[in-house]
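Q: If you're matching them up, the sequences are chains A and B in order.
Counting with the numbering used here, you get residues 1 to 95 for the letters of the first sequence.
Counting with the numbering used here, you get residues 1 to 435 for the letters of the second sequence.
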Amino acid sequence: MLRITCPHCGVRDEVEFRYRGDASVQRPPADADAAAFVAYVYERDNPRGWHHEWWYHAAGCRQYLQLWRHTVTHTIHAVGTATDTLTPPHGMVDR
Amino acid sequence: MSVPPRPADARRPHAFRASGRYSALRLLREALGGHQGWRRAWRKAEPRKEYQVVIVGGGGHGLATAYYLANHFGITDVAVVEKGPIGLGNVGRNTTIIRSTYYRPENIRFYDHSLRLWEGLEQELNFNAMVSQRGVVYTYHTDGQRDHMIRRANDMRLAGADCVELDRAALKALIPAISLDSGRFPVLGAFMQPRGGTVRHDAVAWGYARGASEAGVDIIEHCEVTGLRQANGRVTGVETTRGFIGAGTVCLAVAGHSSHLAGMAGIRLPIETHALQAFVSEAIKPFLDVVLMFGAGHFYISQSDKGGMVFGGAIDAHNTYAQRGTQWIAQEVAAEGVALLPALARLRILRQWAGVMDMTMDGTPIISKLPLDGLVMNGGWCYGGFKAIPAGGYTAAHLIAHGEAHPLTAHMDVGRFAAGLTVDEPGTGPFPWAH
Ligand SMILES: Cc1cc2nc3c(=O)[nH]c(=O)nc-3n(C[C@H](O)[C@H](O)[C@H](O)COP(=O)(O)OP(=O)(O)OC[C@H]3O[C@@H](n4cnc5c(N)ncnc54)[C@H](O)[C@@H]3O)c2cc1C
Ligand SMILES: [Zn+2]
């Protein structure tokens with residue numbers, strides 16, 4: 001069970017949250033070509049390592065949060081609100 | 001370990017004596033001889049410099065692809081490279097259910113073909129895979145669900161698959177332990193695919209390994225692929241922990257690790273890796289002789305031949321490469337199990353484990369060329385790739401041998417995402433954690 005420290009609600013069990021996927025993908029500008037939209041909707045880095053991702057605190061503050069979490073150890077490096085600028089784990093760049 | 005390790009036989013190809021045909025007569029003869037005559041079922045090989053085809057991953061799909069290449073497509077210059085021992089990935093971790101109860105007609109046809117291959121597999125491989133067509137039963141709990149299942153049953157019949165409807169009385173007669181009125185989700189009825197069932201998972205890996213090895217395939221264990229080498233837009237081989245191995249074609253069959261391997265060639269796939277858990281209880285007397293699936297949640301259960309109840313539920317629903325499993329899903333699975341079969345509440349769970357799987361963005365697998373010449377994949381199996389092993393191996397071998405998709409897997413090309421031709425099996429859109 002993950003324990004996620006929500007900036008609004010404090011430490012809560014994973015069961016209160018809903019995972020909402022990769023936070024590194026950015027919606028392309030409206031005039032971008034189809035390939036850019038295919039990449040945005042479908043293609044993922046799916047790293048075995050640090051992952052920047054969205055979680056929704058469904059049974060808490062009902063806010064979207066962003067996390068840097070490791071997909072092998074499940075260590076949570078940082079949690080922030082949707083608009084925060086998080087410091088990525090060492091060696092990682094935020095796209 | 002009193003027996004000293006045997007030297008690998010690769011450089012002495014004739015030193016390996018085939019295991020011979022298995023039969024009741026042979027069993028009798030070996031029994032009389034004190035079981036001294038059994039030989040190793042497959043040959044442990046050392047890597048050669050190059051092969052016509054290198055298959056990455058010694059799970060069900062990698063071994064089956066190698067088997068069919070060598071035995072049905074005449075390509076025997078093949079290696080299967082596996083980072084650990086063969087058969088310890090998802091092929092040895094799954095709940096062993098086979099069926100063709102899919103939603104999209106393309107997928108029904110593919111999985112029903114697989115079911116037909118399972119039906120003849122033991123004769124084909126001369127190996128007892130314990131294919132048990134005990135029937136797979138799905139409960140439904142709302143009118144909408146019933147209508148959806150009727151539609152699915154009709155699609156299945158159109159594709160030549162079998163499906164029958166069971167009313168409450170028939171269901172109770174079939175499964176006396178079931179609770180039809182568990183308060184919150186009363187059971188309205190069920191559908192059953194009588195040809196569905198279970199298979200002994202380890203035997204599938206061993207049987208295909210034996211058949212591939214005897215046809216000349218090198219199975220190389222403890223050999224992790226760490227890079228894909230390319231020249232002039234073509235893959236030329238794999239970098240491994242045991243050196244470079246050249247290859248004309250490289251086939252990725254690495255289950256939950258497809259993104260990781262394709263990433264070595266700079267290719268991003270429409271896949272997220274998620275974990276699925278399984279559980280087995282202490283052994284009990286015969287209790288359940290079909291595979292039972294709970295329509296009001298996500299729970300499925302069967303009884304193994306040893307007597308243990310084998311069951312599982314939904315995926316962990318966040319990206320992970322950890323083969324562990326999260327606790328709240330375990331609690332959810334237990335709660336659903338007890339709602340359906342209240343007597344389970346008295347059982348103790350002996351073991352729990354997880355496997356990591358490629359969850360594709362549309363829930364349909366990917367057997368396809370990748371955007372690098374000579375590189376193909378047999379993956380994206382989501383939580384349902386065990387039942388697909390015979391057909392997946394056969395059609396991937398077809399793709400490698402003929403350079404084009406087998407008609408049953410034309411819809412599994414990775415180009416479907418860019419072409420707007422996704423085959424959205426779960427009907428949830430590109431959100432793998434919700435599948
Ligand atoms: C708990 C659980 C229950 C399931 N239940 C069912 C079910 O009831 N019915 C069903 O149809 N399906 C089920 N599945 C899905 C099914 O098990 C998988 O889809 C299928 O086994 C995947 O194909 P495979 O057998 O080739 O995978 P695997 O056996 O995982 O083979 C992949 C192999 O690749 C190797 N590998 C990875 N990276 C490298 C590398 N870099 N170099 C070399 N080798 C590498 C791995 O070590 C592994 O052995 C279940 C899965 C899980 C986890
Ligand atoms: Zn909160």
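Yeah, the Cβ is synthetic: ideal placement off N, Cα and C, and Gly gets one too.
Predicted model, so just to flag it, every value in this text is computed and none were measured.
What does H274/B pair with, by DSSP beta-bridge criteria?
A: Partner(s): M357/B.
Q: Using a C-beta cutoff of 8 Å, does I150/B count as contacting chain A?
A: Not an interface residue.
Q: Among G87/B, G60/B, V91/B, I55/B, whose alpha-carbon lies nearest the alpha-carbon of I75/B?
A: Comparing Cα positions, the closest option is I55/B.
Q: Would you mind stating whether S213/B and R43/B have Cβ atoms separated by less than 8 Å?
A: Yes, they are a contact pair.
Q: Answer with buried or exposed for R416/B, where buried requires no fewer than 16 other C-beta atoms within 10 angstroms of its C-beta.
A: R416/B is buried by the Cβ-count criterion.
Q: Please list, in chain order, the residues of the stretch 44-60 of chain A that have any C-beta partner in chain B closer than 9 Å.
A: If the cut-off is 9 Å between Cβ atoms, the stretch 44-60 of chain A has R44, D45, N46, P47, R48, G49, H51, E53, W55 near chain B.
Q: Using 10 angstroms around the beta-carbon of K306/B, count the other beta-carbons present and answer buried if the total reaches 16, otherwise exposed.
A: That one is exposed.
Q: Using a beta-carbon distance below 8 Å, is T5/A in contact with chain B?
A: Cβ-Cβ to chain B under 8 Å: no for T5/A.
Q: Does the count of Cβ pairs from the stretch 304-322 of chain B and the stretch 103-118 of chain B closer than 8 Å reach three?
A: Output reads no: the stretch 103-118 of chain B does not touch the stretch 304-322 of chain B.
Q: Which parts of the stretch 120-179 of chain B are runs of the alpha helix (DSSP H), unbroken and 4 residues or longer, counting only runs that do not cross its ends?
A: For the stretch 120-179 of chain B, whole alpha helix (DSSP H) runs of length 4 or above, ordered along the chain, are 143-158, 168-174.
Q: Of the residues that make up the stretch 75-93 of chain A, which ones have a beta carbon closer than 7 Å to any beta carbon in chain B?
A: Taking 7 Å as the Cβ-Cβ cut-off against chain B, none of the residues of the stretch 75-93 of chain A qualify.
Q: So is the beta-carbon of N90/B under 7 Å away from any non-hydrogen atom of ligand 1?
A: Checking every heavy atom of ligand 1 against the Cβ of N90/B, one is found closer than 7 Å.
Q: Take the Cβ of P176/B as the centre, count every other Cβ of all protein chains shown within 10 Å, and call the residue buried at 16 or more, exposed below.
A: With fewer than 16 other Cβ atoms within 10 Å, it is exposed.
Q: At the 8 Å Cβ level, is A35/A part of the contact set with chain B, yes or no?
A: Closer than 8 Å: yes.
Q: Which same chain residues, not among the five before or five after S258/B, have their C-beta less than 8 Å away from its C-beta?
A: If we look at S258/B and ignore the five residues flanking it on each side, its Cβ neighbours are L252, L269, I271, D358, I366, M377, G379, G380.
Q: Between G80/A and ligand 2, is the CB less than 7 Å from at least one heavy atom?
A: False, no ligand heavy atom lies under 7 Å from that Cβ.
Q: Kindly indicate if chain A contains any beta-carbon less than 8 Å away from that of H298/B.
A: Chain A, which has no Cβ nearer than 8 Å to the Cβ of H298/B, makes this no.
Q: Using a Cβ cut-off of 8 Å, pull out every chain A residue sitting near T320/B, in sequence order please.
A: Within 8 Å Cβ-Cβ: T71, V72, H74.
Q: Exposed or buried, which one is Q26/A when buried takes at least 16 other CB atoms within 10 Å?
A: The residue in question, Q26/A, is exposed, as its Cβ has fewer than 16 Cβ neighbours within 10 Å.
Q: Taking 8 Å as the threshold (C-beta atoms), are S19/B and R40/B in contact?
A: For R40/B and S19/B, yes; Cβs fall inside 8 Å.
Q: Determine the chain A residues that contact M377/B at a beta-carbon separation under 7 Å, and present them in chain order.
A: Residues of chain A passing the Cβ test: none, with the nearest at roughly 14 Å.
Q: By Cβ distance below 7 Å, which residues in the same chain neighbour G337/B in space, the five residues on each side in sequence not counted?
A: Correct list, in chain order: F299, I301, F311, L344.
Q: Which one of V225/B, A231/B, R351/B has the shortest CA to CA distance from F244/B?
A: It is V225/B whose Cα lies nearest to the Cα of F244/B.
Q: Which chain B residues are close to Y42/A, counting only those with a beta carbon under 7 Å from its beta carbon?
A: Correct list: P270, M361, F417, P430.
Q: Who's in the neighbourhood of ligand 2, going by beta-carbon under 6 Å from any heavy atom, listed in chain order?
A: Matched residues: C6/A, H8/A, C9/A, H57/A, G60/A, C61/A, Q63/A.
Q: Taking 8 Å as the CB-CB cut-off, is W328/B touching chain A?
A: So, interface residue.
Q: When you check each C-beta in the stretch 86-108 of chain B against every C-beta of chain A, which residues fall closer than 7 Å?
A: Flagged: no residues at all.
Q: Closer than 7 Å: is that where the CB of Q52/B sits relative to any heavy atom of ligand 1?
A: No; taking the cut-off as 7 Å, the Cβ of Q52/B has no heavy atom of ligand 1 nearer than that.
Q: Looking only at its own chain, which residues have a Cβ that is under 6 Å from the Cβ of V164/B, when we skip the five neighbours before and after it?
A: Excluding sequence neighbours, V164/B sits near M192.
Q: Can you tell me whether I271/B sits near ligand 1, meaning its C-beta is under 7 Å from at least one heavy atom of the ligand?
A: No, Cβ of I271/B sits at least 7 Å from all heavy atoms of ligand 1.
Q: When the distance is taken between beta carbons, is R146/B closer than 8 Å to L188/B?
A: Yes, they are a contact pair.
Q: Alpha helix (DSSP H) containing A335/B: first to last residue?
A: Segment 327-340, the alpha helix (DSSP H) holding A335/B.
Q: Between the stretch 15-29 of chain A and chain B, which residues of the former have CB atoms less than 7 Å from a CB of the latter, in chain order?
A: Listed by position, the residues of the stretch 15-29 of chain A near chain B (Cβ gap below 7 Å) are V15, Y19, G21.
Q: On the three-state DSSP scale, how would you describe A283/B?
A: Note: A283/B maps to strand in three-state DSSP.
Q: The stretch 169-199 of chain B: which residues have C-beta closer than 9 Å to a C-beta of chain A, in chain order?
A: Answer in chain order: no residues at all.
Q: Quick one: list the residues of chain B neighbouring A11/A, beta-carbon separation under 9 Å, in chain order.
A: Per the sequence shown, residue 11/A should be read as Val rather than Ala. The contacting residues do not exist; V11/A stays about 16 Å from chain B at best.
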